[in-house]
Amino acid sequence: MEGVLFHWIAWMSVISIYFFMGASSYRTLLLVFTFTTIIFSSVKQTFYFIEWNLAWVCFILLCLYTMRNLTNKELVKGYLVSIIIANCFFMIHRAAYLEPVWLLYSPQWMIVGASMPLLLIFLRGIYSRMYSLILGIFQGMGLSKLTMAFSSGTVTVGGTNSMFILDVISLLAGLTLVWSFLEFISLKLTELTVKTRGRPVTLKSKMNA
Numbered sequence: 457m458e459g460v461l462f463h464w465i466a467w468m469s470v471i472s473i474y475f476f477m478g479a480s481s482y483r484t485l486l487l488v489f490t491f492t493t494i495i496f497s498s499v500k501q502t503f504y505f506i507e508w509n510l511a512w513v514c515f516i517l518l519c520l521y522t523m524r525n526l527t528n529k530e531l532v533k534g535y536l537v538s539i540i541i542a543n544c545f546f547m548i549h550r551a552a553y554l555e556p557v558w559l560l561y562s563p564q565w566m567i568v569g570a571s572m573p574l575l576l577i578f579l580r581g582i583y584s585r586m587y588s589l590i591l592g593i594f595q596g597m598g599l600s601k602l603t604m605a606f607s608s609g610t611v612t613v614g615g616t617n618s619m620f621i622l623d624v625i626s627l628l629a630g631l632t633l634v635w636s637f638l639e640f641i642s643l644k645l646t647e648l649t650v651k652t653r654g655r656p657v658t659l660k661s662k663m664n665a
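Take 457 as the starting number for the sequence shown in the working numbering and just add one per residue.
Listed below in structure tokens is the structure:
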């Protein structure tokens, strides 16, 4: 059922932010963003063969925010990765629409499985990955919808509603956040290990002196 993943991840995010983050303006901003996205997700309107969802605005704003924190080189690299993600989305969605018998798993999980390695291998940092995944999914959606509209000759094209997009973006964003957090923990542990190993050497060198 489309939309279940989005709502589950969104509410788990609310719980995690509220209970595990200290009181700060950043925590309040995250809660407002998450609640706004959940509320906006119920507002949908079909226009020009696409079911638009108001929650998309929240993710577009998030994408613009991440762009502010990236260098020109990171923007170009992230955009190139987003093109590959868009083509992965397009091919999997076309397969689901035309020949679903070839799909081993649900289209959402297949898109995530194809996109996640690209984000982790070619990009570094939470901002680069968020920027690339959001841009890539929306490009893929536009490409898929345009192709189906022109091939079928109909105004409204079935096969994917707006909640499908929210499922994919929220799942990719959630996995990216978890992976980035694990990278941060690993970096801190490495730094702590280096400092711990360096102390005895320093003491020994002073004694020898």
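Beta carbons: idealized from backbone N, C-alpha and C, even for Gly.
Would you check if the distance between the CB atom of residue i and the CB atom of residue j is smaller than 8 Å?
i: V532; j: L628; result: no
i: F545; j: S600; result: yes
i: V499; j: L510; result: yes
i: I548; j: M523; result: no
i: M572; j: L633; result: no
i: V537; j: S588; result: yes
i: A466; j: I495; result: no
Roughly how many whole angstroms lie between the Cα atoms of residue i and residue j?
i: A542; j: I641; result: 31 Å
i: V657; j: E647; result: At V657, the pLDDT of 46 sits below 50, so the modelled position is not reliable; the number obtained from the coordinates is stated separately. Between V657 and E647, the C-alpha separation is close to 16 Å.
i: M468; j: G459; result: 14 Å
i: T649; j: W635; result: 21 Å
i: T652; j: F476; result: 28 Å
i: F505; j: I621; result: 15 Å
i: Q564; j: D623; result: 7 Å
i: T603; j: A552; result: 14 Å
i: I471; j: Y482; result: 15 Å
Return the Cβ separation of residue i and residue j in integer angstroms, given the expectation that the two are a contact with Cβ distance under 8 Å.
i: Y474; j: L487; result: 7 Å
i: F515; j: I625; result: 6 Å
i: L526; j: S584; result: 6 Å
i: G534; j: L579; result: 6 Å
Among all the DSSP beta bridges, which residues are the ones paired with residue i?
i: K500; result: N509
**Validate contact between the stretch 589 to 607 and the stretch 537 to 552 using beta carbons, cut 8 Å, 3 pairs** = yes
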